[in-house]
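Under my numbering, the residues of the sequence shown are numbered 25 to 340, in order. Backbone N, C-alpha and C fix where the C-beta goes; we use that ideal spot for every residue, glycine too. No experiment lies behind these values; they were computed from the predicted model shown.
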Amino acid sequence: MDISVIIPLYNEEESLPELHAWIQRVMDENHFSYEVIFVNDGSTDGSWKVIEQLSKQHPEVKGIKFRRNYGKSPALFCGFERAQGDVVITMDADLQDSPDEIPELYRMIRMNGYDLVSGWKQKRYDPLSKTIPTKLFNATARAVSGIPNLHDFNCGLKAYRQEVIKNIEVYGEMHRYIPYLAKNAGFNRIGEKIVHHQARKYGTTKFGLNRFVNGYLDLITLWFLSKFGVKPMHIFGFLGSLMFIIGFFSAGAIGIHKLYDLYAGNPYRLVTDNPYFYLSLTTMVIGTQLFLAGFIGELIARNAPERNKYQIEKEL
Ligand code: UDP
Ligand code: MG
Numbered sequence: 025m026d027i028s029v030i031i032p033l034y035n036e037e038e039s040l041p042e043l044h045a046w047i048q049r050v051m052d053e054n055h056f057s058y059e060v061i062f063v064n065d066g067s068t069d070g071s072w073k074v075i076e077q078l079s080k081q082h083p084e085v086k087g088i089k090f091r092r093n094y095g096k097s098p099a100l101f102c103g104f105e106r107a108q109g110d111v112v113i114t115m116d117a118d119l120q121d122s123p124d125e126i127p128e129l130y131r132m133i134r135m136n137g138y139d140l141v142s143g144w145k146q147k148r149y150d151p152l153s154k155t156i157p158t159k160l161f162n163a164t165a166r167a168v169s170g171i172p173n174l175h176d177f178n179c180g181l182k183a184y185r186q187e188v189i190k191n192i193e194v195y196g197e198m199h200r201y202i203p204y205l206a207k208n209a210g211f212n213r214i215g216e217k218i219v220h221h222q223a224r225k226y227g228t229t230k231f232g233l234n235r236f237v238n239g240y241l242d243l244i245t246l247w248f249l250s251k252f253g254v255k256p257m258h259i260f261g262f263l264g265s266l267m268f269i270i271g272f273f274s275a276g277a278i279g280i281h282k283l284y285d286l287y288a289g290n291p292y293r294l295v296t297d298n299p300y301f302y303l304s305l306t307t308m309v310i311g312t313q314l315f316l317a318g319f320i321g322e323l324i325a326r327n328a329p330e331r332n333k334y335q336i337e338k339e340l
């Protein structure tokens, strides 16, 4: 099979028939063999009925129905597990992404050797309250992830080589950073294609402004995991030791200074009267705690199932 199209959806019943007809037209015109996997993320409207109907009429339409709403990442994860196509395309169900981009995305993966091609909604039809924070978000994501050529990390329209999606694990709300996940898994031929974007035709957006707060936190998590996920001691142990040493020697210096004054017959004050003494103490305590955090992190990492999971590309 050439292409799997994965469509996560939550309450998008009005868009589905139109979207399916459009995909079908593009696929037939280009003679692709394909499947469309609708992942119904616990919709409370008639979305599942529509999917059942479509699937009855068209054998290439497949459906997954969650018992409740889990989120876009879980929906993508389950779609990825099921996908059979050589090239896997994800798109939103709300008709904001255009199926007309599929042939070119397919070509870029198959002919130009990309692992992943991300859409770039260069001209967006979204409210300003979304486009401005999005610019900031993408600039940060570029800097942190070390993928300088991506302008639109969270674009719903993306294409992957099958191997990529079978070897990464999207969870939580990490769908915003799939290119980063792919890069961390060693798939670094990441390309971009400018895609058409349309205003939402039916329904409303499913994400509020808290997406930006959560998005930043997730980015920090991913960065931390990719740097220190299997060796937390390397950061906490280092910082902890550094702080402890600084605290220890300053406390020592304060004590020696007092003793010196005492024996030299100078006026002196008690160590406990010196405010710097308390700073040194605090520094030592925090240092010890950081060090312990590293140790506990190592104990947890030792039990992590992925501590010895590597991406083996080829074996002879
Ligand atoms: N979506 C989903 N589960 C959710 C929220 C959203 O499957 O909990 C789907 C939604 O139906 C759509 C896609 O994810 O197909 C993108 O959502 P939306 O269009 O609301 O996001 P926006 O375009 O505003 O970023
Ligand atoms: Mg949308």
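Out of Lys89, Leu140 and Lys154, the CA that lies nearest to the CA of Leu174 is found in Leu140. Counting other Cβ atoms within 10 Å of its Cβ, His55 stays below 16 and is therefore classed as exposed. Counting of Cβ neighbours within 10 angstroms places Ala45 among the exposed residues, the total staying below 16. Proximity annotation: the ligand MG has residues Asp116, Asp118, Gln120, Gly180, Arg224 and Thr229 in chain order, each selected because its CB is closer than 7 Å to a heavy atom of the ligand. In the DSSP annotation of this structure, the continuous segment of the alpha helix (DSSP H) that includes Arg235 starts and ends at Asn234 to Phe252.
For Ala209, the closest C-alpha among the options Gly196, Glu216, Arg200 and Ile192 is that of Ile192.
By the neighbour-count criterion, in which 16 or more other beta carbons inside 10 Å mark a residue as buried, Arg200 falls on the buried side. Going by DSSP, Glu322 is part of no beta strand (DSSP E) but of the alpha helix (DSSP H) stretching over Pro299 to Asn327. CA-to-CA, the gap between Glu187 and Met308 works out to about 48 Å. The beta carbon of Pro32 sits closer than 7 Å to at least one heavy atom of the ligand UDP. The stretch 297 to 313 and the stretch 268 to 281 touch, with no fewer than 3 CB-CB distances between them shorter than 8 Å. For Ser97, the enclosing alpha helix (DSSP H) starts and ends at Lys96 to Arg106. At a cut-off of 7 Å, the beta-carbon of Asn54 does not count as near the ligand UDP: no heavy atom of the ligand is closer than that. Burial state of Ala288 is exposed, judged by a 10 Å Cβ sphere holding fewer than 16 other Cβ atoms. Taking all protein chains shown into account, Asp297 has fewer than 16 neighbouring C-beta atoms within 10 Å of its C-beta and is therefore exposed. DSSP, reduced to helix, strand and coil, places Gly180 outside both helices and strands of the structure shown, so it counts as coil.
Per the Cβ contact rule, the stretch 60 to 72 is in contact with the stretch 28 to 36 (3 or more Cβ pairs under 8 Å).
Secondary structure at Val74: helix, using DSSP grouped into helix, strand and coil. Nearest to Arg166 by C-alpha distance, out of Asn178, Gln335 and Gly227, is Asn178. In the three-state scheme derived from DSSP, where H, G and I count as helix and E and B as strand, Gly289 is classed as coil. The three-state reading of DSSP puts His221 in strand, counting E and B together. Residue range Ile126 to Arg134 is occupied by the alpha helix (DSSP H) that includes Tyr130.
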